[in-house]
Amino acid sequence: MPTTQISLIREHTEKIKPPRALWVPFELGRPLGVPNDAMFQTKVLVAALRLLDEPTGPVLHDFTEEAPSLLKDSASGWACPLDLSTEAVDLTDMEQLRVAFGREFNEMRSWYELGVKRRGRTTFGVSGLDQESIRDFVIGFLDGSLPSNPREDLPLGLMLKLAADDLKTYYFEAATAQPGKVAPSGEVLADWFWQKTLAAKVLRAVKDSCMNSDDRMLKGVGERLLIPMKHSF
Amino acid sequence: MARLDQLPEPMRSHIAGLECPSFETNPWVQGPPLHERRVALVSTAGLHRRDDRPFQIMSSEYRIIPGDTATRDLVMSHTSSNFDRTGFQQDLNVVFPLDRVRELAEQGILGSVASFHYSFMGAADPKSMEVVARDLAGLLKDDLVDAVLLVPV
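Same order as they appear, the protein sequences are chains W and C. Following UniProt numbering, the numbering of the first sequence begins with 1 at its first residue and continues without gaps. Following UniProt numbering, the numbering of the second sequence begins with 1 at its first residue and continues without gaps.
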């Protein structure tokens, strides 16, 4: 079967030597470069497909054009449109964190719903729970005990991972909902979420709960899957 | 930003240290010109239809994505937290260029688009994926596919 592929880590592709590969210099998670730019995506796609015409291989070509301008750092001016509450929260007081997080979560709702309406889609929903159930399920890990599993077909550790992904999706789709704004890079959005939101603080506390659990999968999820390496401190 | 030397630690060391499979041969299969090819997409982004099963941790399975799937029906349950998902949240095509291959087929640049596409979840041992990947090759042949675009995340 003739294959061609996009490569995000050139060093891996050099070792594996697939028949045809196009290395691209884009952020992990964005193999076609940039969202909502069909022309640029098509350029990348055609460059990868044209490798099928190569007479011999293996071939590893470089696509050296950077993704079109994105706001790459916080200093470039992107600010989350959401006016997050700046009240001081004692992070060792789980009841205070629970209440403040609930308030922040509700503040997201209008922007999230605007984003869904504007895009005609949402990527929220991998856990199968609705928004309130996600919030309550994640909060359930804060007091040291484990919440009951809302789905019988999936283990609790995986359910937590999926719920955490849905929680982040809800926040990110809200933060990128404002029409007319240049969308920032994923790095800027991740910095915002992990540095500015109470949701991130809740996930860090949930991670601590998981690490103290006897459940091996929960421990593994807490250790590796809830928080990106870059923000795991 | 996926230049290895520009990734922040500890991501850089983690990715640099990942074991890569090696192969004794370099298979090479050619085919007709691009405008006659039938193209399928195979992703490792952990994509699936909303009502399909989410990927389990270290899963070597794949999920089927019918060619007529609406972009609003696809979600992602990749288990890694170490790549950007905000691009995908804004536009499926930055991860899985389904609309783009359809457009290329309409313009006659590609012959046609496969009836089925597939997604694995890349945070798994590549060796454990070999059996299902061989099955998948058979399914692609049955769909008369003669070009596969492999897309990482």
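Where a beta carbon is used, it is the ideal one built from N, C-alpha and C, also for glycine.
Please confirm if H12 of chain W has its CB atom under 7 Å from at least one CB of chain C.
yes
Can you tell me where the alpha helix (DSSP H) holding Q5 of chain W begins and where it ends?
Taken as a continuous stretch (DSSP letters only), Q5 of chain W belongs to no alpha helix (DSSP H), being part of the beta strand (DSSP E) at 3-7.
What are the residues of the segment 123-149 of chain C that lie near chain W, defined by any Cβ-Cβ distance shorter than 8 Å?
A137, L140, K141, V145, D146, A147, V148, L149
Using the Cα positions of E65 of chain W and P25 of chain W, report the straight-line distance between them to the nearest angstrom.
8 Å
Look up S80 of chain C in the DSSP assignment and give the residues it is bridged to.
None, per the DSSP bridge assignment.
Using a Cβ-Cβ cut-off of less than 7 Å, give me the residues of the segment 57-85 of chain C that come near chain W, in sequence order.
I57, T71, R72, V75, M76, S77, T79, S81, N82, F83, D84, R85
Between S128 of chain C and the rest of its own chain, which residues show a CB-CB distance below 7 Å, the 5 nearest in sequence each way excluded?
For S128 of chain C, where only same-chain residues beyond five positions count, the Cβ hits under 7 Å are S60.
Taking 7 Å as the threshold (beta carbon to beta carbon), is A114 of chain C in contact with chain W?
Answer no: the Cβ-Cβ gap between A114 of chain C and chain W never drops below 7 Å.
V59 of chain W: first and last residue of the uninterrupted beta strand (DSSP E) it sits in
Counting along the chain, V59 of chain W sits inside the beta strand (DSSP E) bounded by residues 59-62.
In the DSSP assignment, the beta strand (DSSP E) including F88 of chain C goes from what residue to what residue?
That residue, F88 of chain C, is in no beta strand (DSSP E); its alpha helix (DSSP H) goes 86-90.
Of all the options C:P33, C:D68, C:N26, which has the alpha carbon lying nearest to the alpha carbon of R49 of chain C?
Ranked by Cα distance from R49 of chain C, the first of C:P33, C:D68, C:N26 is C:D68.
Figure out for me which residue from C:S115, C:R134, C:E130, C:S119 has the closest Cα to the Cα of L144 of chain C.
C:S115
Determine the closest residue to K207 of chain W out of W:F233, W:Q195, W:W194, W:E223, with distance taken between C-alpha atoms.
W:E223
Best match in W:R98, W:T123, W:Y112, W:L60 for proximity to V75 of chain C [C-alpha to C-alpha]:
W:T123
Note down, in chain order, every chain C residue with its Cβ under 9 Å from the Cβ of E173 of chain W.
Residues of chain C passing the Cβ test: T86, Q89, Q90.
Interface residues of chain W facing G31 of chain C [CB-CB closer than 8 Å]:
Those are P2, L52, listed as they occur along chain W.
Output needed in chain order: residues of the segment 10-40 of chain W with a Cβ under 8 Å from some Cβ in chain C.
R10, E11, H12, K15, I16, K17, P18, P19, V24, P25, F26, E27, L28, G29, R30, P31, L32, G33, V34, P35, N36, A38
A105 of chain C lies in the alpha helix (DSSP H); which residues open and close that run?
98-106
With R102 of chain C and G120 of chain W assumed to form a contact (beta carbons below 8 Å), what rounded beta-carbon distance in angstroms separates them?
Not quite, the Cβ-Cβ distance comes to about 17 Å (not below 8 Å), so this is no contact.
Under 7 Å between the Cβ atoms of L60 of chain W and T92 of chain W?
no
Would DSSP call V24 of chain W helix, strand or coil?
It is coil, neither helix nor strand.
Buried/exposed call for N26 of chain C, threshold 16 Cβ in 10 Å:
exposed
Beta-carbon of M229 of chain W versus every beta-carbon of chain C: anything under 7 Å?
yes
Drop a sphere of 10 angstroms on the beta-carbon of C210 of chain W, count the other beta-carbons inside from all chains shown, and report buried for 16 or more, exposed for fewer.
buried
Which residues bound the beta strand (DSSP E) around I64 of chain C?
62-66
In its own chain, which residues sit with a C-beta less than 7 Å from the C-beta of V113 of chain C, not counting the 5 before and 5 after it?
V39, G67, V101, R102, A105
Nearest-angstrom Cα distance between S133 of chain W and P150 of chain W?
9 Å
A47 of chain W and T4 of chain W closer than 7 Å at C-beta
no
Got a sec: which bits of the segment 13-26 of chain C sit with their beta carbon under 8 Å from any beta carbon on chain W, in order along the chain?
H14, I15, A16, L18, C20, P21, S22, F23, N26
Within a Cβ cutoff of 8 Å, which residues of the same chain sit near K161 of chain W, ignoring the five residues on either side of it in sequence?
V221, L225, L226
Starting from L34 of chain C, find everything on chain W with Cβ-Cβ shorter than 8 Å and list it in chain order.
Taking a Cβ-Cβ threshold of 8 Å, the residues of chain W close to L34 of chain C are L49, R50, L52, D53, in chain order.
Spatial distance of V44 of chain W from G140 of chain W (CA atoms):
Answer to the nearest angstrom: the Cα atoms are 44 Å apart.
Between the segment 28-39 of chain W and the segment 85-93 of chain C, do at least 3 Cβ pairs fall closer than 8 Å?
The segment 28-39 of chain W is in contact with the segment 85-93 of chain C.
Considering Cα atoms alone, identify which of C:V153, C:P152, C:A147, C:V151 is closest to P33 of chain C.
C:A147
Verify whether the separation of the beta carbon atoms of W28 of chain C and P19 of chain W is less than 7 Å.
At a Cβ-Cβ threshold of 7 Å, W28 of chain C and P19 of chain W count as neighbours.
Leaving aside the five residues before and after D215 of chain W along the sequence, list all residues of the same chain whose C-beta is less than 8 Å from its C-beta, in chain order.
L146, L156, G157
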